[in-house]
């Protein structure tokens, strides 16, 4: 027989901030199992006489691999559920960025998420942000620069030590200005709350471990998003518009051919010269020509940039089954044979 596993959230604050129903559920339990004792509520519950078992020993044993940590915790929970009902408590809300909840739901266990309070309300209040403006919530382990929206508020969870903060910093600096102000928020909504404003490039300049630490990154003014493809598209749209540049408005895809040839020739010259700065500039000029052609095609009602991107992405995926699929090509010669087969299939499809 397998007993149920009920999951509750401890919020981000003190015992006084627990929902009444959650508090009563805890007080009626024989024992509370917590992911970690490093949370303000856990010590307060222990002081009220609640028997508490934690998984801190798992963190110590598997400290270099958090996915392994979470799986080990779930394995122990499943073993406990073979003996008795389990009340399992996690920081924050169990349905918000909680990996063990996901793994438990994927198992065959009888799992019920009872809820709790999320840290988000306290976080928004701490940094004085209205979420109606739009925001992204990202776990530090899953942060990827190509998924960032610089026009929205960004909250990054679990930036608990300088090593993780360093990884976050490097990822953010692929898109954000190095001097962009970010806010390190500890224990939001508690009497231990602290907020530090630092430039992005100093995000990892701290020691110690902080399990209730998150980072808030404000939006970036549009004209400062110089690393963004979105800003480039915006500029092109503004330049090639009724109120934009008079010269480019009169151009067609045909009339721009000489300029594309000129910029391509200059790029080749820069590559052959080995001048990196010159090559960066000329690559930009060629990209500008591509954007011009796409925008002019859109205004003519023939095609748009999204059509170009869709065609290219499909081609890249289709022509690299040895990267994205099950095909095998370990040498350049094998890749060439594979490409020829794919091209023949494409022509046959036409």
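Residue numbers (my numbering): 439 to 788.
Heads up, the beta-carbon is just placed ideally off N, CA and C, and yes, glycines get one too.
Check	Outcome
Starting from residue 594, follow its DSSP beta bridges and name the residues at the other end.	576, 653
Output the residue ranges of the beta strand (DSSP E) runs that lie fully inside the region 470-499 and measure 3 residues or longer, sorted by chain position.	470-472, 490-492
From the DSSP output, which residues share a beta bridge with residue 530?	449
With residue 517 as the anchor, note down where its alpha helix (DSSP H) starts and where it stops.	504-518
Does the pairing of the region 565-575 with the region 462-473 give three or more beta-carbon distances under 8 Å?	no
Which of the three DSSP states is assigned to residue 635 in this structure?	strand
What's the call for residue 770, buried or exposed, on a 16-neighbour Cβ count within 10 Å?	exposed
In this structure, does DSSP put residue 551 in helix, strand or coil?	strand
So residue 694 and residue 730 are in contact, right, with Cβ under 8 Å, and what is the actual spacing, rounded?	6 Å
Please list, in chain order, all residues of the same chain as residue 600 whose beta carbon is under 7 Å from its beta carbon, the five residues on each side excluded.	642, 644, 645
For residue 709, collect the residues of the same chain with a Cβ closer than 7 Å to its Cβ; drop the 5 residues on either side in sequence, then sort them by chain order.	717
Under 8 Å between the Cβ atoms of residue 554 and residue 442?	no
Tell me which residues share the same chain as residue 631 and place their Cβ nearer than 7 Å to its Cβ, disregarding the 5 neighbours each side in the sequence.	564, 624, 625
Would residue 677 and residue 683 be called neighbours here (beta carbons separated by less than 8 Å)?	yes
Whole-angstrom Cβ separation of residue 550 and residue 473, contact assumed at under 8 Å?	Contact flag wrong, Cβ pair sits at about 17 Å.
Applying the criterion that 16 or more other CB atoms from any shown protein chain within 10 Å of the CB defines a buried residue, is residue 661 buried or exposed?	exposed
Tell whether a beta-carbon distance below 8 Å holds between residue 545 and residue 507.	no
Residue 657 and residue 590 look like a contact to me (Cβ under 8 Å); what is the Cβ gap, rounded to whole Å?	6 Å
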